[in-house]
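Chains as they are written, first to last, in the numbering used here: chain A, 2 to 278; chain B, 30 to 118.
Ideal Cβ positions, reconstructed from N, Cα and C, are used throughout, including at glycine.
Below is one structure, written out as structure tokens; comments come after it.
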């Protein structure tokens, strides 16, 4: 199915197959025909790769030939597929034996990010986010700590809207940082098409309920491992500019919490204190 | 004496962080906090100043004797060389 979407201020045209993928993309559907085309092809014959390998990481290898190639591996080092990046389009070849929603979702996410970062000033932060009183907040913690659980409590007790439950796209626009929604929201698939200014970053840990504001320098050190660091997509200068803006304009908070309503109220009080003059 | 351009400097108030950006990715294990005096030294090296030039800047900004300042700067630069943030003579 062909579906046009506006995501991160880029008009995409996705050619995808699984119903779940289509359903995720439909939240971002637009009238405008996409000028970046991302096409998924399931095949038994993957394209051959050029000789020059420029980057090697745990799950992918990047090759430079006439075009840029990304070979994606599974956890047990089988080739899941290959993305061929052109100027304004990418073709994603996925091995037929991995013909699943998960494969299509993962590979489309890489291609999507590649083009967003090529065209916009931004970074991706592994986090759950919510919009509260017109401002956006990121909940940041290592996987399994309870970001999504805490975000769920905010939805339950404060009726907030989650922008993305897993990966938040932060773009610098008109000297302001904004959280832009995107359909790649991890396992939960919770994301909503809402753009809000990035006001605060909450560093979450498990424990007795307590919240406080932290110095940007200390907060940033803890935030760093949660910023996507896929260098073949990100220009150093842009990473530097966007993170400098985070350091100068975003509030950092530390939240130790359990899974009660009190946990939400504890953070809410500290966030609201920042509105007072 | 040269500054290793794999590192980017991120200023926060009068302090700073040095973050290593390798060809492959940002190396989160290599984040170094700089206090105001270390920042002055690193910026001096980045601007190709000599140890004597940096000493003069330090003396102008802080209540410290020239000898003590120079001694501290040499110690800091040697630490930065050990971490491969500064290299060469």
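Contact belief for residue i with residue j at Cβ below 8 Å, rounded distance in angstroms
| i | j | result |
| --- | --- | --- |
| residue 68 (chain B) | residue 222 (chain A) | With a Cβ gap of about 16 Å, residue 68 (chain B) and residue 222 (chain A) do not count as contacting. |
| residue 168 (chain A) | residue 147 (chain A) | Not quite, the Cβ-Cβ distance comes to about 17 Å (not below 8 Å), so this is no contact. |
| residue 95 (chain B) | residue 88 (chain B) | 5 Å |
| residue 38 (chain A) | residue 90 (chain A) | 4 Å |
| residue 234 (chain A) | residue 118 (chain A) | 5 Å |
| residue 50 (chain B) | residue 237 (chain A) | 5 Å |
| residue 73 (chain A) | residue 61 (chain A) | 5 Å |
| residue 107 (chain A) | residue 83 (chain A) | Incorrect: roughly 13 Å between the Cβ atoms, too far for contact. |
| residue 92 (chain A) | residue 131 (chain A) | In fact, because the Cβ distance is near 36 Å, the residues do not count as touching under 8 Å. |
| residue 122 (chain B) | residue 65 (chain B) | Examination of residue 122 (chain B) is not possible in this model, given that chain B is present from 30 through 118 alone. |
| residue 80 (chain B) | residue 97 (chain B) | No, residue 80 (chain B) and residue 97 (chain B) are not in contact; Cβ-Cβ is about 14 Å, not under 8 Å. |
| residue 155 (chain A) | residue 271 (chain A) | Incorrect: roughly 14 Å between the Cβ atoms, too far for contact. |
The ligand FAD heavy atom lying under 6 Å from the CB of residue i
| i | result |
| --- | --- |
| residue 258 (chain A) | Although the ligand FAD was asked about, the structure shown includes no ligands whatsoever. |
Enclosing beta strand (DSSP E) for residue i [first to last residue]
| i | result |
| --- | --- |
| residue 80 (chain A) | 80-86 |
| residue 73 (chain A) | 69-74 |
| residue 212 (chain A) | 211-215 |
| residue 168 (chain A) | 168-174 |
| residue 111 (chain B) | Unbroken run through residue 111 (chain B) is the alpha helix (DSSP H), 95-111; no beta strand (DSSP E). |
| residue 129 (chain A) | 129-133 |
| residue 180 (chain A) | 177-181 |
As assigned by DSSP and simplified to three states, the class of residue i
| i | result |
| --- | --- |
| residue 45 (chain A) | coil |
| residue 13 (chain A) | strand |
| residue 101 (chain A) | coil |
| residue 57 (chain A) | strand |
| residue 62 (chain B) | strand |
| residue 8 (chain A) | strand |
| residue 110 (chain A) | helix |
| residue 264 (chain A) | helix |
| residue 259 (chain A) | coil |
| residue 34 (chain B) | coil |
| residue 276 (chain A) | coil |
| residue 96 (chain A) | strand |
| residue 50 (chain A) | coil |
| residue 119 (chain A) | helix |
| residue 73 (chain B) | helix |
| residue 253 (chain A) | strand |
| residue 42 (chain B) | coil |
| residue 116 (chain B) | strand |
| residue 188 (chain A) | coil |
| residue 219 (chain A) | helix |
| residue 140 (chain A) | strand |
| residue 229 (chain A) | coil |
Candidates the options: closest to residue i by CA position
| i | options | result |
| --- | --- | --- |
| residue 241 (chain A) | B:64, B:48, B:89 and B:31 | B:48 |
| residue 231 (chain A) | A:248, A:111 and A:139 | A:111 |
| residue 24 (chain A) | A:238, A:150, A:2 and A:179 | A:2 |
| residue 115 (chain B) | B:91, B:82, B:66 and B:70 | B:70 |
| residue 16 (chain A) | A:113, A:50 and A:183 | A:113 |
| residue 127 (chain A) | A:156, A:7, A:227 and A:26 | A:227 |
| residue 144 (chain A) | A:177, A:193 and A:205 | A:205 |
| residue 124 (chain A) | A:243, A:250, A:274 and A:14 | A:243 |
| residue 150 (chain A) | A:200, A:54, A:189 and A:82 | A:189 |
| residue 26 (chain A) | A:191, A:260 and A:259 | A:191 |
| residue 86 (chain A) | A:184, A:96, A:50 and A:74 | A:50 |
| residue 326 (chain A) | A:177, A:74 and A:160 | Past the boundaries of the shown model lies residue 326 (chain A); chain A is included only from 2 to 278, so the question cannot be answered. |
| residue 60 (chain B) | B:109, B:81 and B:117 | B:109 |
| residue 170 (chain A) | A:158, A:162 and A:196 | A:196 |
| residue 30 (chain A) | A:152, A:101, A:13 and A:116 | A:13 |
| residue 274 (chain A) | A:161, A:213 and A:239 | A:213 |
| residue 88 (chain A) | A:100, A:120 and A:75 | A:120 |
| residue 33 (chain A) | A:201, A:229, A:5 and A:155 | A:5 |
| residue 77 (chain A) | A:59, A:256, A:65 and A:272 | A:59 |
| residue 55 (chain B) | A:224, A:256, A:270 and A:257 | A:224 |
| residue 35 (chain B) | B:42, B:83 and B:75 | B:75 |
Limits of the alpha helix (DSSP H) - the one that residue i falls within
| i | result |
| --- | --- |
| residue 198 (chain A) | Residue 198 (chain A) -> not in any alpha helix (DSSP H); beta strand (DSSP E) instead, spanning 197-207. |
| residue 83 (chain B) | 80-90 |
| residue 151 (chain A) | 148-159 |
| residue 242 (chain A) | 237-250 |
| residue 24 (chain A) | 20-27 |
Listed by chain order, chain A residues near residue i by CB distance under 8 Å
| i | result |
| --- | --- |
| residue 72 (chain B) | Within chain A, no residue comes near residue 72 (chain B); the closest Cβ sits about 16 Å away, beyond 8 Å. |
| residue 46 (chain B) | 218, 221 and 222 |
| residue 62 (chain B) | 218 and 222 |
| residue 55 (chain B) | 225, 228, 230, 232 and 240 |
Within chain B, partners of residue i - CB distance below 7 Å
| i | result |
| --- | --- |
| residue 245 (chain A) | 39 |
| residue 248 (chain A) | 39 and 41 |
| residue 241 (chain A) | 37 |
Within chain B, partners of residue i - CB distance below 9 Å
| i | result |
| --- | --- |
| residue 170 (chain A) | What residue 170 (chain A) touches in chain B: nothing, since even the nearest Cβ is about 17 Å away. |
Within chain B, the residues that residue i reaches when beta carbons sit closer than 8 Å
| i | result |
| --- | --- |
| residue 237 (chain A) | 37 and 50 |
- Residues, ordered as in the chain, of the segment 218-229 of chain A that lie near chain C by beta-carbon distance below 8 Å: The structure shown has no chain C; the protein chains it does contain are A and B.
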